[in-house]
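Student:
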Amino acid sequence: MKNFQIIKALSSSSAVSNISKEKEAMFIAGGTNLVDLMKKNVVAPDKLVDITGLDLKKIEFLTGKVSIGALAKNSQVAEDASIKEKHPLLALALAAGASQQIRHMATVGGNMLQKTRCSYFYNTDMPCNKRTPKSGCGAIGGSNRMHAIFGASDSCIAVHPSDMCVALAALDATVLVEGPKGKRQIKFTDFHRLPGNTPEKDNTLENKELITSVEIPDNNFTKNVHYLKVRDRTSYAFALVSVAAALDIKNNVINDVRLAMGGVAHKPWRLTEAEEFLKGKTVSEEIFKKAADLSMKGAKAYGGNDFKLTLGPNAITEALTIAASK
Numbered sequence: 001m002k003n004f005q006i007i008k009a010l011s012s013s014s015a016v017s018n019i020s021k022e023k024e025a026m027f028i029a030g031g032t033n034l035v036d037l038m039k040k041n042v043v044a045p046d047k048l049v050d051i052t053g054l055d056l057k058k059i060e061f062l063t064g065k066v067s068i069g070a071l072a073k074n075s076q077v078a079e080d081a082s083i084k085e086k087h088p089l090l091a092l093a094l095a096a097g098a099s100q101q102i103r104h105m106a107t108v109g110g111n112m113l114q115k116t117r118c119s120y121f122y123n124t125d126m127p128c129n130k131r132t133p134k135s136g137c138g139a140i141g142g143s144n145r146m147h148a149i150f151g152a153s154d155s156c157i158a159v160h161p162s163d164m165c166v167a168l169a170a171l172d173a174t175v176l177v178e179g180p181k182g183k184r185q186i187k188f189t190d191f192h193r194l195p196g197n198t199p200e201k202d203n204t205l206e207n208k209e210l211i212t213s214v215e216i217p218d219n220n221f222t223k224n225v226h227y228l229k230v231r232d233r234t235s236y237a238f239a240l241v242s243v244a245a246a247l248d249i250k251n252n253v254i255n256d257v258r259l260a261m262g263g264v265a266h267k268p269w270r271l272t273e274a275e276e277f278l279k280g281k282t283v284s285e286e287i288f289k290k291a292a293d294l295s296m297k298g299a300k301a302y303g304g305n306d307f308k309l310t311l312g313p314n315a316i317t318e319a320l321t322i323a324a325s326k
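Under UniProt numbering, the first residue of the sequence shown is numbered 1, with each subsequent residue one higher.
1. Taking 7 Å as the limit between beta carbons, can you name the residues of its chain near Gly179, skipping five residues before and five after?
2. If you count every other CB in all the chains shown that lies within 10 Å of the CB of Met1, and 16 or more means buried, which is it?
3. My output table needs one value for Ala274: the three-state DSSP class, helix, strand or coil.
4. Can you tell me whether DSSP reads Pro217 as helix, strand or coil?
5. Would you give the residue range spanned by the alpha helix (DSSP H) that Gly110 belongs to?
6. If you compare alpha carbons, which of Asp218, Met261, Ser325 is closest to Pro313?
7. Taking Arg231 as the reference, which of Ala96, Ser82, Gly69, Asn3 has the closest Cα?
8. Check whether the segment 276-293 touches the segment 210-220, taking contact to mean three or more Cβ pairs, one atom from each stretch, closer than 8 Å.
9. With respect to the alpha helix (DSSP H) encompassing Ser119, which residues constitute its N-terminal and C-terminal limits?
10. From Arg145, Asp36, Phe238, Thr272, pick the residue whose C-alpha is nearest to that of Phe307; which is it?
11. Among Phe221, Lys187, Thr63, Arg103, which residue has its Cα nearest to the Cα of Asp163?
12. For Gly312, which three-state DSSP category applies?
13. Going by CA-CA distance only, name the one from Ala274, Val159, Lys86, Ser155 that's closest to Gly64.
14. Given Leu171, which residues of its chain have a CB within under 6 Å of its CB, disregarding the five upstream and five downstream residues?
15. Excluding the five sequence neighbours on either side, which residues of its own chain have a C-beta within less than 8 Å of the C-beta of Asn203, listed in chain order?
16. Would the beta-carbon of Ala173 fall within 7 Å of that of Ala93?
17. For Gln101, count neighbouring C-beta atoms within 10 Å of its own C-beta (all shown protein chains included) and say buried if the count is 16 or more, exposed if not.
18. Of all the beta strand (DSSP E) runs that stay within the bounds of the segment 28-74, which reach a length of 3 or more residues?
19. By a C-beta neighbour count over all protein chains shown, 10 Å radius and 16 as the cutoff for buried, is Gly151 buried or exposed?
20. In the DSSP output, which residue or residues are listed as bridge partners for Thr174?
21. Can you tell me which of Thr52, Val241, Val43, Lys181 puts its alpha carbon nearest to the alpha carbon of Tyr122?
22. At a cut-off of 6 Å, is Ala93 close to the ligand ATP when judged by its beta-carbon and the heavy atoms of the ligand?
23. Between which residues of its own chain and Pro88 is the CB-CB distance below 7 Å, once the five residues before and five after are set aside?
24. What residues match up with Asn224 in a beta bridge as DSSP calls it?
25. Can you grab the Cα-Cα spacing for the pair Ile254 / Gly280, in whole Å?
26. CA-CA distance, Cys137 and Asn252?
27. Taking the alpha-carbon of Gly142 as reference, which of Ile149, Pro195, Cys165, Pro127 has the nearest alpha-carbon?
28. For Lys267 and Pro161, I'd like the C-alpha separation in whole angstroms.
29. Grab the span of the alpha helix (DSSP H) containing Gly19 for me, first residue to last.
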């Protein structure tokens with residue numbers, strides 16, 4: 001790890017101002033991912049702007065929505081009684097992520113910005129277009145058991161590792177940011193990018209923008225929800241496949257539905273076609289299986305992750321079945 005300067009920001013505007021002054025500067029909050037990347041020389045900033053003192057930790061229930069500050073800890077959000085009551089899918093997804101100790105340090109904004117856990121990205125001796133553009137993708141033709149089956153490209157087949165983000169994508173969240181050009185809002189489903197020819201660009205943040213909060217609109221998904229995470233071990237492991245399922249059921253008919261997957265793409269993968277198919281249908285295992293098969297349209301595996309083509313629809317069916325049974 002190279003030497004670096006660290007300064008403490010006193011406001012969002014001063015944080016943006018400080019980071020804008022240098023090309024190789026980054027924000028740091030919990031540091032649960034960034035410090036690992038610095039230790040492995042995957043990233044090497046000259047300056048870190050510490051934003052932990054900013055007033056961005058609140059969870060506020062406003063008219064028609066909840067606002068969650070970017071510096072709210074994952075554990076704080078997961079354990080909040082009102083979040084559990086009004087947005088239980090988010091609480092379940094957060095509780096499935098990492099270890100309890102990491103959840104006590106990790107922030108909502110940092111969770112959104114965490115990098116892929118692809119072994120080629122972390123190994124600076126191996127080719128990786130995400131780490132070093134135009135160097136190649138070692139995972140294509142290499143070890144790719146954890147990798148994408150949707151939205152990949154010839155440049156990158158890595159997946160986004162977050163559990164929280166899968167739930168936020170399903171819940172139609174909005175990201176609020178502040179940068180040198182002012183404030184703006186980004187639909188959560190537009191926040192993360194597919195790799196295309198520029199896999200080094202993880203998201204649609206503009207240069208030096210700071211995430212200030214995330215907003216979730218009110219909904220009726222307070223009962224029939226489930227977050228299913230299929231992984232190699234039951235603690236502190238990233239998803240092979242995960243599914244966020246939320247159903248609004250009235251008289252055994254699906255009035256509304258949200259469905260998203262994790263562990264399968266460079267971003268949380270929203271299953272909008274399956275959602276539209278399920279609306280108005282009577283709850284049944286058969287209809288859930290049909291929705292699951294529909295969800296796998298366009299899926300492509302790369303050898304080591306061929307099993308995800310079977311695991312994916314099975315996980316969707318199971319998540320929907322469990323959600324409907326609550």
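Ideal Cβ positions, reconstructed from N, Cα and C, are used throughout, including at glycine.
Tutor: In brief:
1. Around Gly179, the same chain offers Val16, Glu206, Lys208, Glu209, Leu210 as residues with beta carbons nearer than 7 Å, after the five sequence neighbours per side are excluded.
2. Exposed.
3. helix
4. Pro217 sits in a strand when the DSSP states are folded into three classes.
5. 108-113
6. Among Asp218, Met261, Ser325, the Cα nearest to that of Pro313 is on Met261.
7. Ala96
8. no
9. 119-122
10. Arg145
11. Arg103
12. In this structure, Gly312 counts as helix in the three-state DSSP scheme.
13. Lys86
14. Ile216
15. Met112, Leu113, Phe191, His192, Arg193
16. no
17. Classified as exposed, Gln101 has fewer than 16 neighbouring CB atoms from the shown chains inside 10 Å of its CB.
18. Complete beta strand (DSSP E) runs here, min 3: 47-50, 59-62, 65-69.
19. Answer is buried; the Cβ neighbour count reaches 16.
20. Lys187, Glu215
21. Nearest neighbour of Tyr122 by Cα position, chosen from Thr52, Val241, Val43, Lys181, turns out to be Val43.
22. The model on display carries no ligand, and the ligand ATP is accordingly not part of it.
23. Thr222, Val225
24. Leu247
25. 5 Å
26. 47 Å
27. Minimum Cα distance to Gly142 is reached at Pro127.
28. The C-alpha of Lys267 lies about 9 Å from the C-alpha of Pro161.
29. The sequence given here has Ile at residue 19, not Gly. In the DSSP assignment, Ile19 falls within the unbroken alpha helix (DSSP H) covering 12-20.
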